[in-house]
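Working notes, structure below.
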Amino acid sequence: MARVDENKALSMLNQYRAQSGIAPLTLDPRLSRIAEDYAKKMAAADKMGHDVDGHSLLGTRLKGYGYPFSNAGENVAAGYHTLAEAFSGWRQSPPHDRGMKDPEMTLMGIATAYNPNSKYKVFWCLIFAHPPVVTADGTLMGAGGAASATVLTIR
1 MARVDENKAL SMLNQYRAQS GIAPLTLDPR LSRIAEDYAK KMAAADKMGH DVDGHSLLGT
61 RLKGYGYPFS NAGENVAAGY HTLAEAFSGW RQSPPHDRGM KDPEMTLMGI ATAYNPNSKY
121 KVFWCLIFAH PPVVTADGTL MGAGGAASAT VLTIR
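Right, here's the structure in full:
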């Protein structure tokens, strides 16, 4: 079974963001669970993408889990066997790199899944989010807002 050290991923990503003067992210266990479920879905389907079953785009998934967000994005990958490899692949892909350096994102979750019968073996899902803003009167501003997915990385 593939597992990723979430704290190591958080540290690696925050060091990378700091090099560009971007505020650090906070690990959100809920996002990691959502990422894990999606990584497992990709592994079970032996398919990598942002919508492997035709109705699982990020915004739809987050809303389905009742996860409030004003902005969200994800990086997915397959075939990378270590965090360092996946991170390097994302850094070298301009759309993925932009996602990791998005200053509006404040939260992250990451997970992997393993399918020994797949040509890729390991599937990765990294989700970023910014929660909605709660106004003084308790109104949620931006709840269920925009969600984006970056171009796929395949090794």
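Per the UniProt record's numbering, numbering of the sequence shown is gapless, rising by one per residue and ending at 155. By construction, the Cβ of each residue, glycine as well, lies at the ideal position given by its N, Cα and C atoms. No experiment lies behind these values; they were computed from the predicted model shown.
Q | Residues that DSSP places opposite G66 in a beta bridge | A | G66 is not bridged to any residue.
Q | Rounded C-alpha distance that separates A129 from D37 | A | For the pair A129 and D37, the Cα-to-Cα distance works out to about 17 Å.
Q. Cα-Cα, which of P29, Q15, R30 is closest to A23?
A. That would be Q15, whose Cα lies nearest to the Cα of A23.
Q) DSSP puts W124 in a beta bridge; with which residues? A) Partner(s): A77, T112.
Q | Candidates P94, G59, Y114, T106: closest to A78 by CA position | A | Relative to the Cα of A78, the nearest Cα in the group P94, G59, Y114, T106 belongs to Y114.
Q) When DSSP builds the beta bridges, which residues end up paired with H130? A) For H130, the pairing in a beta bridge is given by DSSP as N71.
(Q) Report the CB separation of G109 from R3 in whole angstroms; it is logged as a contact under 8 Å. (A) The beta-carbon separation of G109 and R3, rounded to 14 Å, does not stay under the 8 Å limit for a contact.
Q. Using CA coordinates, which residue listed in A43, I34, D46 is at the minimum distance from L57?
A. Distances from the alpha-carbon of L57 to those of A43, I34, D46 put I34 closest.
Q: Kindly indicate which three-state DSSP category L57 falls into: helix, strand or coil?
A: Judged by DSSP in its simplified three-state form, L57 adopts coil rather than helix or strand.
Q: Could you tell me if Y65 is buried or exposed, where buried requires 16 or more neighbouring beta carbons within 10 angstroms of its beta carbon?
A: With fewer than 16 other Cβ atoms inside 10 Å of its own Cβ, Y65 counts as exposed.
Q.
Suppose contacts are defined by Cβ-Cβ distances below 9 Å. Is residue 159 in contact with D53 by that definition?
A. Here the chain has residues from 1 to 155 only, and residue 159 is not among them.
Q: Under 8 Å by Cβ, that's how I've got N117 and G99 pegged, so tell me the actual separation to the nearest angstrom.
A: In fact, because the Cβ distance is near 29 Å, the residues do not count as touching under 8 Å.
**Q.** Option nearest residue 156 by Cα separation, candidates T135, G21, K101, T106
**A.** This structure gives no information on residue 156, because the portion of the chain shown stretches from 1 to 155.
Q) By a C-beta neighbour count over all protein chains shown, 10 Å radius and 16 as the cutoff for buried, is R91 buried or exposed? A) When all chains shown are included, R91 counts as exposed.
Q) What number of angstroms, rounded off, separates the C-alpha of A84 from the C-alpha of A136? A) Taking the straight line from one Cα to the other gives about 42 Å.
Q) Would you call H50 buried or exposed, if buried means 16 or more other Cβ atoms sit within 10 Å of its Cβ? A) Burial call: buried.
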